[in-house]
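Trainee:
Number of protein chains: 2
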Amino acid sequence: MKLLKEYIEKNGKAIGTNILKVDSFLNHQIDPNLMMAMGEEFKRRFEDQGINKILTIEASGIAIGLAAAYAFNVPLVFAKKKIPSTMGDFYTANVFSFTKNKDYTICVAKEFLKPTDRVLIVDDFLAMGNAVLGLKSLVESAGAEVIGAGIAVEKGFQQGEKLLIDNGVKVEALAVVDSLENGVIKFR
Amino acid sequence: MKLLKEYIEKNGKAIGTNILKVDSFLNHQIDPNLMMAMGEEFKRRFEDQGINKILTIEASGIAIGLAAAYAFNVPLVFAKKKIPSTMGDFYTANVFSFTKNKDYTICVAKEFLKPTDRVLIVDDFLAMGNAVLGLKSLVESAGAEVIGAGIAVEKGFQQGEKLLIDNGVKVEALAVVDSLENGVIKFR
Chain B
1 MKLLKEYIEK NGKAIGTNIL KVDSFLNHQI DPNLMMAMGE EFKRRFEDQG
51 INKILTIEAS GIAIGLAAAY AFNVPLVFAK KKIPSTMGDF YTANVFSFTK
101 NKDYTICVAK EFLKPTDRVL IVDDFLAMGN AVLGLKSLVE SAGAEVIGAG
151 IAVEKGFQQG EKLLIDNGVK VEALAVVDSL ENGVIKFR
Chain P
1 MKLLKEYIEK NGKAIGTNIL KVDSFLNHQI DPNLMMAMGE EFKRRFEDQG
51 INKILTIEAS GIAIGLAAAY AFNVPLVFAK KKIPSTMGDF YTANVFSFTK
101 NKDYTICVAK EFLKPTDRVL IVDDFLAMGN AVLGLKSLVE SAGAEVIGAG
151 IAVEKGFQQG EKLLIDNGVK VEALAVVDSL ENGVIKFR
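Chains as they are written, first to last, in the UniProt record's numbering: chain B, 1 to 188; chain P, 1 to 188.
Shown next as structure tokens:
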């Protein structure tokens, strides 16, 4: 997606060979016009597939999730990283965080995932793919179907895309960064 | 705001006299059309005041924050509850959580709050008012100005509104619930 790549080129920062800092427009400060345009782009890429729900994970997935939900005109559900005290029955999954080198639990209330749901998983970043696989597990616990994963920025030099494809998930990333070597952001 | 009150009447649940559950449309599952309409309503209520930034707090403020930012056509910044390892200089504030009976720290990177900023603070709920005061403290640390607080649902039977007014904050709540006694949701 041209607009997103322009934002990354202009405002993104490579930190070492592994971290792409995009917090001036994607996940700390957020440009609402870029966000809504990305939602529209997901709509174009997953048109006519009967998607009736967007699923993401708090916190940094919520903005892009809302943009997608608005474009598709369907509800957004975001998985929580803590089980709230007021929540009744829920589906849970474990996600391994490479950043923190430990598992965490994500959950969604059972009432918000139904067997008839055709779900688009959305997230701001795809790195190792574990968060998306955790979300997929929640969807399957409900007997619902994952139609695909819509990602803003994919780190193409990590294993996430391969892992998702091996698990039968169609991946659409709006920008794929294949290298951050020498502080230069290289797109695929 | 009529539309929000209708959603609360139809889908909200009083749990005891203190908890209003709205997680089917506001903060777990999210109705994107309601969200965007609330953003527009904040725009109407704070029109012509030169607001150039929306500030909220992760996670449940992000959706309504994005809706407001889109309506105002200005950036959204969300305060984080953990200091990210890749973040440089930041402003911090302590917020006392009555739910958890302890303080937590919120932070915003210094580059995203400037002395020229005219900030609308946005959040999904107003109860005791501590989160908004914490956000106000971040804004003031940057030498910027708080123009007001836009709240989706205010618990009118708690002290938040009074505390904010006493601290010079103009509050606009889209729905004020004055009582949850006997399982009945009463609006002001």
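Just so it is clear, CB atoms sit at the ideal spot from N, CA and C, and this is done for glycine as well.
This one's a predicted model, so the numbers in the text were calculated from it and none came from an experiment.
Between which two residues does the alpha helix (DSSP H) holding G134 (chain B) run?
Mentor: 130-141 is the span of the alpha helix (DSSP H), which, as asked, contains G134 (chain B).
Trainee: I believe A67 (chain P) touches E58 (chain B) by the beta-carbon criterion, under 8 Å. Please report the beta-carbon distance rounded to the nearest angstrom.
Mentor: 17 Å between Cβ atoms; not a contact.
Trainee: Residues of the stretch 6-23 of chain P in Cβ contact with chain B at a cutoff of 8 Å, in chain order, please.
Mentor: Per Cβ criterion, the list reads I15, I19, K21, D23.
Trainee: Along the chain, where does the beta strand (DSSP E) that runs through E47 (chain P) open and close?
Mentor: Careful: E47 (chain P) lies outside any beta strand (DSSP E) and carries neither H nor E.
Trainee: Specify whether the stretch 151-166 of chain B and the stretch 127-136 of chain P touch according to this definition: at least 3 beta carbon pairs, one from each stretch, less than 8 Å apart.
Mentor: Cβ pair count under 8 Å is below three, so no.
Trainee: Taking the alpha helix (DSSP H) that K162 (chain B) belongs to, which residues open and close that run?
Mentor: Element bounds for K162 (chain B): 160-166.
Trainee: For D123 (chain B), return the contacting residues in chain P, with the cut-off set at a CB-CB distance below 7 Å.
Mentor: Simply none; closest approach about 14 Å.
Trainee: Cβ atoms of R118 (chain B) and N182 (chain B): under 7 Å apart, would you say?
Mentor: For N182 (chain B) and R118 (chain B), no; Cβs fall outside 7 Å.
Trainee: Return helix, strand or coil for K82 (chain B), following the three-state DSSP convention.
Mentor: Reduced to three states, the DSSP call for K82 (chain B) is coil.
Trainee: Does any CB atom of chain B fall closer than 7 Å to the CB of Q49 (chain P)?
Mentor: Output row for Q49 (chain P): interface = no.
Trainee: Return the Cβ separation of I64 (chain P) and M35 (chain P) in integer angstroms, given the expectation that the two are a contact with Cβ distance under 8 Å.
Mentor: With a Cβ gap of about 6 Å, I64 (chain P) and M35 (chain P) count as contacting.
Trainee: When you compare the CB of Y91 (chain B) with every CB in chain P, is at least one pair closer than 7 Å?
Mentor: Not closer than 7 Å to any Cβ of chain P, the Cβ of Y91 (chain B) fails to qualify, so no.
Trainee: So is Q29 (chain B) in contact with chain P if we call contact Cβ pairs under 7 Å?
Mentor: At least one chain P Cβ lies under 7 Å of Q29 (chain B).
Trainee: Verify the CB distance criterion: does L133 (chain B) have a CB-CB separation below 7 Å to chain P?
Mentor: Taking Cβ atoms only, chain P never reaches closer than 7 Å to L133 (chain B), which makes this a no.
Trainee: Based on the DSSP secondary-structure assignment, which residues constitute the bridge partners of V74 (chain B)?
Mentor: V74 (chain B) is not bridged to any residue.
Trainee: If you count every other CB in all the chains shown that lies within 10 Å of the CB of T56 (chain P), and 16 or more means buried, which is it?
Mentor: The residue is buried, with at least 16 neighbouring Cβ atoms inside 10 Å.
Trainee: On the criterion of 16 or more Cβ atoms from any shown chain inside 10 Å, does K80 (chain P) qualify as buried, or is it exposed?
Mentor: Classification for K80 (chain P): buried.
Trainee: Measuring only the C-alpha atoms, how far is V177 (chain P) from T17 (chain P)?
Mentor: So the alpha carbons of these two residues sit roughly 11 Å apart.
Trainee: So, for A37 (chain P): in the same chain, excluding its five sequence neighbours on each side, which residues have a beta-carbon less than 7 Å away from its beta-carbon?
Mentor: Closer than 7 Å at Cβ, skipping near neighbours: L3.
Trainee: Considering E111 (chain P), what are the terminal residues of the beta strand (DSSP E) in which it resides?
Mentor: Taken as a continuous stretch (DSSP letters only), E111 (chain P) belongs to no beta strand (DSSP E), as it is neither H nor E.
Trainee: If I measure Cβ to Cβ from G160 (chain B) and keep anything under 6 Å in the same chain, skipping five residues before and after, which residues do I get?
Mentor: Excluding positions up to five away in sequence, the list reads L126, A127, M128, G129.
Trainee: Alpha carbon to alpha carbon, what distance is there between K170 (chain B) and G148 (chain P)?
Mentor: Rounded to the nearest angstrom, the two C-alpha atoms are 44 Å apart.
Trainee: Under the three-state reduction of DSSP, which class applies to N11 (chain P): helix, strand or coil?
Mentor: Looking at N11 (chain P) - three-state DSSP - the assignment turns out to be helix.
Trainee: Return the CA-CA distance between V132 (chain P) and S141 (chain P), expressed in angstroms with no decimal places.
Mentor: If I take the Cα positions, the gap works out to 14 Å.
Trainee: Please decide whether P32 (chain P) counts as near chain B, where near means a Cβ-Cβ distance under 7 Å.
Mentor: Yes, P32 (chain P) counts as interfacial toward chain B.
Trainee: Who does E154 (chain P) pair with in a DSSP beta bridge?
Mentor: DSSP, once it has assigned bridges, lists P:L126, P:V176 as partnering E154 (chain P).
Trainee: Note down, in chain order, each residue of its chain lying with its Cβ closer than 8 Å to the Cβ of G12 (chain B), except the 5 sequence neighbours on either side.
Mentor: So the list reads L20, K21, V22, I185, once near-sequence residues are dropped.
Trainee: Suppose you measure from the CA of I54 (chain B) to the CA of N73 (chain B); what does that come to, to the nearest Å?
Mentor: Whole-angstrom Cα-Cα distance: 10 Å.
Trainee: Using a 10 Å radius around the Cβ and a threshold of 16 neighbouring Cβ atoms, would you call D103 (chain B) buried or exposed?
Mentor: With fewer than 16 Cβ atoms within 10 Å of its Cβ, D103 (chain B) is classed as exposed.
Trainee: Report yes or no: is there a C-beta of chain B within less than 7 Å of the C-beta of P115 (chain P)?
Mentor: Closer than 7 Å: no.
Trainee: Say whether chain B places a C-beta atom closer than 7 Å to the C-beta of F112 (chain P).
Mentor: Taking Cβ atoms only, chain B reaches closer than 7 Å to F112 (chain P), which makes this a yes.
Trainee: So V77 (chain B) contacts chain P; which residues on that side make the cut at Cβ distance below 8 Å?
Mentor: Those within 8 Å of V77 (chain B) in chain P are H28, Q29, I30.
Trainee: So is E58 (chain P) in contact with chain B if we call contact Cβ pairs under 7 Å?
Mentor: It does: the Cβ of E58 (chain P) has a partner Cβ on chain B nearer than 7 Å.
Trainee: From what residue to what residue does the beta strand (DSSP E) around L20 (chain B) run?
Mentor: Counting along the chain, the beta strand (DSSP E) containing L20 (chain B) begins and ends at 19-21.
Trainee: Please list, in chain order, all residues of the same chain as F90 (chain B) whose beta carbon is under 8 Å from its beta carbon, the five residues on each side excluded.
Mentor: If we look at F90 (chain B) and ignore the five residues flanking it on each side, its Cβ neighbours are I83, C107, V108, A109, K110.
Trainee: Please classify A148 (chain P): does DSSP put it in a helix, a strand, or coil?
Mentor: The question names Ala, yet the displayed sequence has Gly at residue 148 (chain P). Three-state result, G148 (chain P): strand.
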